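Following: one structure in structure tokens, then a few remarks.
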Amino acid sequence: MLVGHFAVGLGAKPIAPRVSLGTLMLAALVADLLFWAFVLLGVEHVRVSPGITTTNALDLYDIPLSHSLATNILWAVLFATVYFLRHRDTRGAWILAIVVLSHWVLDFVSHRPDMPLSPGLHKYFGLGLYNSRLGILVVEGLFWVVGVVTYVQATRPKNRAGSVGFWGVVSLLTILWIGSLSRNPPSNLRAAGISSLFFFSCVVASAYWMNLVRFLKWRRDTDLLAFRGHA
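Using my numbering, the letters of the sequence shown correspond one by one to residues 6 to 236.
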């Protein structure tokens, strides 16, 4: 999934008010960031196999470190622990751990059976939603709409950037997601990995920016004072 993972980050913000939206988005994308980093380093392996699914041509035949359930649990614990040690926010740490783990669950729904339980265990799972263009549009689109609506209902813009800019980013991500479901298979995996890391980094950076230009409605006075104090 793509915007499905983004939706988890957006939807988690109201229940983790002390956690930056950027940190939530980073948690949702940890597995994919590690995946492309590991592929570029030669630690994990993937090949292009046109037609392997209807909407995704990547054969993810060796991704146990980034995408197995066991390592996702490990990444979740490490991510949450680092956050807790820095911020002493128990609730936020638990929510971040859940957000990291949500990646495996959503990929289990969308991927063909290529999701391992742990490194060294050659048994794979996946419901294969990528085999239905309509199915992925409906299911992932619903996740995306719910995530965006949840975030919008819980927050308000601090300025024009928090309104126009936010909807601009949402529109751009929606267009890129729809386009990704019918684009040609990548001809160069190294280029695809570098561009994907850059794209995900931009998404996380934009989420940190959104956190500065929108505030939670029930924390309006506190957030506005803090915002003005740093202006």
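Quick reminder that beta carbons are idealized off the backbone N, C-alpha and C, glycines included.
Note that this is a predicted model, so its numbers are computed, not measured.
Notebook entry, point to check: If P190 and V53 are in contact, beta carbons under 8 Å, what's the gap, nearest whole angstrom?
Noted result: 5 Å
task = Using three-state DSSP, classify H92 as helix, strand or coil.
result = helix
- Query: So, using beta-carbon positions, are F113 and S71 closer together than 9 Å?
  - Reply: no
Specify the secondary structure class of D112 as computed by DSSP and reduced to three states. helix
| query | Whole-angstrom Cβ separation of D119 and Y156, contact assumed at under 8 Å? | reply | Not quite, the Cβ-Cβ distance comes to about 31 Å (not below 8 Å), so this is no contact.
Which term fits S200, buried or exposed, when burial requires 16 or more other beta carbons within 10 angstroms of its beta carbon?
exposed
Worksheet item: Around the C-beta of A36, are 16 or more other C-beta atoms found within 10 angstroms, so that it is buried, or is it exposed?
Response: buried
Between which two residues does the beta strand (DSSP E) containing Y156 stretch? Run containing Y156: none in the beta strand (DSSP E); it sits in the alpha helix (DSSP H), R138 to A159.
Worksheet item: Is the beta carbon of A62 sitting closer than 9 Å to the one on A85?
Response: no
Quick one: measure Cβ to Cβ for V175 and V153, integer angstroms, because I've assumed they're closer than 8 Å.
6 Å
Sub-9 Å separation of G9 and S115 beta-carbons: yes
What's the C-alpha gap between L132 and N193? 27 Å
Residue ranges of each alpha helix (DSSP H) run of no fewer than 4 residues wholly in the stretch 184 to 209, ordered along the chain? none
How about F130 and L122: are their beta carbons less than 9 Å apart?
yes
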